[in-house]
């Protein structure tokens, strides 16, 4: 599988990507990929340094004739989102990604591909290894844990980097140049509950919501895709309100930065209400499928009779849980009043777990407005606290405020137009790039973000365009050869 990827052009990038994808690199467990990058830098006899939080910095002197240009920081993150289809057998902590070629796309066999941000990492590696590419003094910054907390960027101390320009290679449309991004905050609601014994007069069912597209909870939130946790809650709420449904377990979603694709629940119904429950729930399922028919054509919602569990959640807590999750906002909260078609503020109800007397709900709230970010987070906090949950706001990181006077933005924009005969889209995005955080300790550094086209990031449908990667590589080389003088 992965061998054929090595023959794609540009070979120097795809070979580095194949090497990288052979190394397991989940967020917060990056020890192996950190060592991989250290070995890579030392093998090239380049100065290689690991800071106190695990970021890897590799420096490379300028090629002859470009010593008087500004030093450039090339930046990408080492970790990747681990998502797989429910029927895919794969161990992310032990196996390398199995890559496939489908037309103009490189994808993976039932898992995320890791092109986010592995193609950026691989491109930087290719620049470091090259003896032909002209460039100024370089500092390659490989950060950790971007996907689940941005602790690498937040932990990078001021004074380590000397660069005056930072090129972030984590944008996912090859005709876009990023000049701003959203900040974020994690909202986590937890509580305990007592359990009740299930009477013998009950019948148990499993409810499954699956087949949704999922995707990036920032970039894809504007699409109005189905959220498995919200759909499941709707089914459970209707079943409880009308037919006395009782919840034994719920397991929905996974990572905060991924729109949840699947949710599973174990419930009971009094046997006397069984037939009516199944009839009316089938009608509701058909309505939900119709609502999402144009954007979620593969949505599957199934109800199957199963063995009775021993216990279910006490009814009073169950009612609060269902009503709070119904009230909790999910999706686009506010569009930007200043930038057309840009989501300003959103929330993703990413993870819902109910089991053995414990409930945990995890959300990721994003916004390019610090005040609206906190406003929405407080709205979610209030919805759950009204039902007795303890709510924690954590992992907050700032957005990246656009700099309309950026010198490197002008240079990169002009180079794109010269290369392609059309203007790039200069935009802020609703993803959580590390630029905003890095700018806190390096306020004078001039930043832009760009990258190859990637689709379906944070989902098993993730794929990277082969032709776009070739286009991006040429663009990156052109930029490095046109960095301004100090």
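Numbering (this note's numbering), first residue to last: 329 to 814. No residue lacks a Cβ here, since even glycine has one placed at the ideal position from N, Cα and C. Source: prediction; values computed, not measured.
Extract the residue ranges of the alpha helix (DSSP H) inside the segment 333-401, only unbroken runs of 4 or more that lie entirely within it. Unbroken alpha helix (DSSP H) stretches of 4 residues or longer found wholly inside the segment 333-401: 339-349 and 359-371, given in chain order.
Beta-carbon spacing of residue 488, residue 362 below 8 Å: Cβ atoms of residue 488 and residue 362: not closer than 8 Å.
Can you grab the Cα-Cα spacing for the pair residue 609 / residue 657, in whole Å? So the two alpha carbons sit approximately 24 Å from each other.
So for residue 770, helix, strand or coil by DSSP? Residue state, collapsed to three classes: coil.
Could you check where the beta strand (DSSP E) with residue 598 kicks off and where it finishes? Under the DSSP assignment, residue 598 falls in the beta strand (DSSP E) whose first and last residues are 591-598.
Is residue 482 closer than 8 Å to residue 440 when the C-beta atoms are compared? Not a contact, by the Cβ cut-off of 8 Å.
Given that a residue counts as buried once 16 or more other Cβ atoms are within 10 Å of its Cβ, and exposed if not, what is residue 391? Buried, since its Cβ has 16 or more Cβ neighbours within 10 Å.
May I ask you to list the residues that DSSP assigns as paired with residue 430? Per DSSP, 433.
For residue 366 and residue 449, I'd like the C-alpha separation in whole angstroms. For the pair residue 366 and residue 449, the Cα-to-Cα distance works out to about 13 Å.
Reduced DSSP secondary structure (H/G/I, E/B, other) of residue 814: In this structure, DSSP gives residue 814 a state outside helix and strand, which the three-state scheme calls coil.
Residue range of the alpha helix (DSSP H) that includes residue 610: Judged by DSSP secondary structure, residue 610 falls within the alpha helix (DSSP H) whose first and last residues are 602-619.
Going by beta carbon distance, what residues of the same chain come within less than 6 Å of residue 522, once the five residues before and after it are set aside? Shown here for residue 522: same chain residues with a beta carbon closer than 6 Å to its own, the five before and five after excluded, namely 642 in chain order.
Mind checking who residue 408 pairs with in its DSSP beta bridge? DSSP lists 354 as the bridge partner or partners of residue 408.
By alpha-carbon positions, which one of 520, 588, 379 and 560 ends up nearest to residue 540? Closest option to residue 540, Cα to Cα, is 588.
Specify the secondary structure class of residue 701 as computed by DSSP and reduced to three states. Secondary structure of residue 701 (DSSP, three-state): helix.
I need the boundaries of the beta strand (DSSP E) containing residue 458, first residue and last residue. Careful: residue 458 lies outside any beta strand (DSSP E) and carries neither H nor E.
Classify residue 547 as helix, strand or coil using the three-state DSSP reduction. Residue 547 falls in the coil class under three-state DSSP.
Assuming residue 552 and residue 623 make a contact with CB atoms under 8 Å, what is their CB distance in whole Å? About 6 Å separates the Cβ atoms of residue 552 and residue 623, confirming a contact at the 8 Å cut-off.
Three-state secondary structure assigned by DSSP to residue 748: Looking at residue 748 - three-state DSSP - the assignment turns out to be helix.
Suppose the cutoff is 7 Å on Cβ atoms and the five residues either side in sequence are ignored; what does the same chain contact list for residue 598 look like? The answer, listed in chain order, is 529, 530 and 572.
3-residue-minimum beta strand (DSSP E) runs that sit fully inside the segment 470-524, ordered along the chain: Along the segment 470-524, the beta strand (DSSP E) occurs as fully enclosed runs of 3 or more residues at 493-496, 504-509 and 511-520, listed in sequence order.
So, helix, strand or coil for residue 579, using DSSP? The answer is strand: DSSP assigns residue 579 an E or B state.
By a C-beta neighbour count over all protein chains shown, 10 Å radius and 16 as the cutoff for buried, is residue 793 buried or exposed? Residue 793 should be labelled buried.
Work out the CA separation of residue 375 and residue 447 for me, nearest whole Å. Counting only the Cα atoms, residue 375 lies some 22 Å from residue 447.
Does the segment 731-743 come within contact of the segment 756-764, defined as at least 3 CB pairs closer than 8 Å? Touching, no.
Taking the alpha-carbon positions, what's the residue 595 to residue 524 distance? Distance between the alpha carbons of residue 595 and residue 524 is about 13 Å.
Reference residue 705, options 715, 724, 350 and 619, closest by Cα: Considering only alpha carbons, the answer is 724.
Pair within 8 Å by beta-carbon distance, residue 694 and residue 764: For residue 694 and residue 764, no; Cβs fall outside 8 Å.
Would you check if the distance between the CB atom of residue 515 and the CB atom of residue 434 is smaller than 8 Å? 8 Å or more divides the Cβ of residue 515 from the Cβ of residue 434.
Helix, strand or coil for residue 759, going by three-state DSSP, please let me know. Three-state DSSP puts residue 759 in coil, outside helix and strand.
Going straight from the alpha carbon of residue 538 to that of residue 413, what length do you get? Rounded to the nearest angstrom, the two C-alpha atoms are 10 Å apart.
Residue 661 beta carbon less than 8 Å from that of residue 675: Closer than 8 Å, so yes.
For residue 805, does the three-state DSSP call read helix, strand or coil? Secondary structure of residue 805 (DSSP, three-state): helix.
Cα-Cα, which of 410, 743, 398 and 770 is closest to residue 786? Of 410, 743, 398 and 770, the residue nearest in Cα terms is 410.
For residue 467: DSSP bridge partner residues: When beta bridges are read from the DSSP output, residue 467 appears opposite 387 and 401.
Beta carbon of residue 470 nearer than 8 Å to that of residue 383: Closer than 8 Å, so yes.
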